[in-house]
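*Asks:* Structure in structure tokens, see below.
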Amino acid sequence: MKWGSTVVPLEITNEDGKFAQINQPLQFFLDACELETKASIYLAQASLSDLPSSLLEDLPTPELVLKAGKGDVYDTSIWLGQAPTYTPLHRDPNPNLFVQLAGKKQVRLFKPDLGNAIFHHVQTSIGGAANATMRGAEMMEGAERRALEQAVWHPSSSAFWASEGLQCEVVPGDGLFIPKGWWHSIKGVGQGMIGSVNWWFR
Numbered sequence: 001m002k003w004g005s006t007v008v009p010l011e012i013t014n015e016d017g018k019f020a021q022i023n024q025p026l027q028f029f030l031d032a033c034e035l036e037t038k039a040s041i042y043l044a045q046a047s048l049s050d051l052p053s054s055l056l057e058d059l060p061t062p063e064l065v066l067k068a069g070k071g072d073v074y075d076t077s078i079w080l081g082q083a084p085t086y087t088p089l090h091r092d093p094n095p096n097l098f099v100q101l102a103g104k105k106q107v108r109l110f111k112p113d114l115g116n117a118i119f120h121h122v123q124t125s126i127g128g129a130a131n132a133t134m135r136g137a138e139m140m141e142g143a144e145r146r147a148l149e150q151a152v153w154h155p156s157s158s159a160f161w162a163s164e165g166l167q168c169e170v171v172p173g174d175g176l177f178i179p180k181g182w183w184h185s186i187k188g189v190g191q192g193m194i195g196s197v198n199w200w201f202r
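Per the UniProt record's numbering, residue 1 is the first one in the sequence shown, and the count goes up by one each step.
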């Protein structure tokens, strides 16, 4: 493959829920996607600026992003993985334009005060004291990951938040604007490869 040696960030979650972040060649990721395994591998938050310029020609910065705010693109990332994929509840420090490239994703969005309430509810339930501003690997594994998924996605618990939250489904060609500070959790559903790209801007 022409770009197979390009190093990309990967998130690996095994069948026991253990989470690890590694950097490997793109070919490693593509080969892993062909394997039949219960472990998941996700090319997550790979900065477009780190990819070969010839790969970027198909992902130009949308005019909307260039004309919004100061027109300053803070960062942009691509996300690829076999369904199902999952990103726990979190918030970003900048406005975000999220565009679906392949497959289907479901997104749940919560305004800042409601997202804070859900987050602190989860922390109380697990006896945690995590910082809502700085989120890292802790939200991707163990009790916190399970509690976040339960609170946001499980019908019995999410019903409490549903009346105030928003949900949408994005398919190839759809774009979603996520305002600064809004909490969101994203699931890739269906089968096959799921791909998205997003631009954080100021």
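Glycine included, C-beta positions come from ideal geometry on N, C-alpha and C.
Using the beta-carbon count (16 or more within 10 Å), is Pro95 buried or exposed?
*Replies:* Here residue 95 refers to the residue found at position 95 of the sequence shown. With 16 or more other Cβ atoms within 10 Å, it is buried.
*Asks:* Leu51 to Tyr74, Cα distance in whole Å?
*Replies:* Along the sequence shown, one-based indexing puts residue 51 at 51. Along the sequence shown, one-based indexing puts residue 74 at 74. Straight-line Cα distance between these residues: approximately 16 Å.
*Asks:* Mind the definition here: the region 55–74 touches the region 178–190 only if three or more C-beta pairs lie below 8 Å; say whether that holds.
*Replies:* No, they do not touch.
*Asks:* Can Val8 and Phe29 be called in contact, C-beta distance under 8 Å?
*Replies:* As a working mapping, residue 8 is identified with position 8 in the sequence shown. As a working mapping, residue 29 is identified with position 29 in the sequence shown. Yes; because the gap between Cβ atoms is below 8 Å, this pair is in contact.
*Asks:* Report all residues from its chain with a CB closer than 8 Å to the CB of Ala137; omit the five preceding and five following residues, and keep chain order.
*Replies:* As a position in the sequence shown, residue 137 is number 137, starting the count at 1. Answer for Ala137: Phe19, Gln21, listed in chain order.
*Asks:* Given this structure, state the Cα-to-Cα distance separating Ala151 from Gly128, to the nearest angstrom.
*Replies:* Mapped onto the sequence shown, residue 151 falls at position 151. Mapped onto the sequence shown, residue 128 falls at position 128. Their Cα atoms are separated by approximately 15 Å.
*Asks:* Quick check on Gln167: buried or exposed, where buried means 16 or more other Cβ atoms within 10 Å of its Cβ?
*Replies:* Taking the sequence shown and counting its residues from 1, the one referred to as residue 167 is at position 167. Exposed, since its Cβ has fewer than 16 Cβ neighbours within 10 Å.
*Asks:* Look up Leu59 in the DSSP assignment and say whether it is helix, strand or coil.
*Replies:* For this step, residue 59 is matched to residue 59 along the sequence shown. If DSSP states are grouped into helix, strand and coil, Leu59 belongs with coil.
*Asks:* What ranges does the beta strand (DSSP E) occupy inside the region 88–176, keeping only unbroken runs of at least 3 residues that lie completely in it?
*Replies:* Segments of the beta strand (DSSP E) lying fully in the region 88–176: 96–102, 104–110, 166–170.
*Asks:* What number of angstroms, rounded off, separates the C-alpha of Glu200 from the C-alpha of Val99?
*Replies:* Stepping through the sequence shown from its first residue, residue 200 is reached at position 200. Stepping through the sequence shown from its first residue, residue 99 is reached at position 99. The residue asked about is misnamed: residue 200 is Trp in this sequence, not Glu. Those two C-alpha atoms are separated by around 12 Å.
*Asks:* Please report the residue range of the alpha helix (DSSP H) in which Gln191 lies.
*Replies:* Reading the sequence shown from its first residue, position 191 is the one you call residue 191. Per DSSP, Gln191 belongs to no alpha helix (DSSP H) and is neither H nor E.
*Asks:* Which residues bound the alpha helix (DSSP H) around Ala32?
*Replies:* Locating residue 32 in the sequence shown gives position 32, counting from the first residue. Counting along the chain, the alpha helix (DSSP H) containing Ala32 begins and ends at 26–33.
*Asks:* If I follow the unbroken beta strand (DSSP E) through Leu80, where does it start and stop?
*Replies:* Looking up residue 80 in the sequence shown gives position 80. Taken as a continuous stretch (DSSP letters only), the beta strand (DSSP E) holding Leu80 covers 73–82.
*Asks:* Around the Cβ of Gln191, are there at least 16 other Cβ atoms within 10 angstroms (buried) or fewer (exposed)?
*Replies:* On the sequence shown, residue 191 is found 191 positions in, with the first residue counted as 1. Burial call: exposed.
*Asks:* Closer than 7 Å by C-beta to Asn14: which residues in its own chain qualify, once you throw out the five before and the five after it? Chain order, please.
*Replies:* By 1-based counting over the sequence shown, the position of residue 14 is 14. So the qualifying residues of the chain are Ala39.
*Asks:* Between Ile178 and Leu109, is the Cβ-Cβ spacing less than 8 Å?
*Replies:* Start at 1 with the first residue of the sequence shown, and residue 178 comes out as number 178. Start at 1 with the first residue of the sequence shown, and residue 109 comes out as number 109. Yes, the pair counts as a contact, with Cβ atoms nearer than the cut-off.
*Asks:* So Leu48 packs on Ser77, CB below 8 Å; how close in whole Å?
*Replies:* In the sequence shown, residue 48 corresponds to position 48, counting from 1. In the sequence shown, residue 77 corresponds to position 77, counting from 1. Sure, about 7 Å apart at Cβ, within 8 Å.
*Asks:* Let me know if Ala102 comes out buried or exposed under the rule of 16 or more other beta-carbons within 10 Å of its beta-carbon.
*Replies:* Position 102 of the sequence shown, counted from the first residue, corresponds to residue 102. Ala102 comes out exposed.
*Asks:* Using only alpha-carbon positions, find the residue among Phe160, Gly188, Gln24 that is nearest to Ser5.
*Replies:* As a first step, residue 5 is located in the sequence shown; it is residue number 5 there, counting from the start. Considering only alpha carbons, the answer is Gln24.
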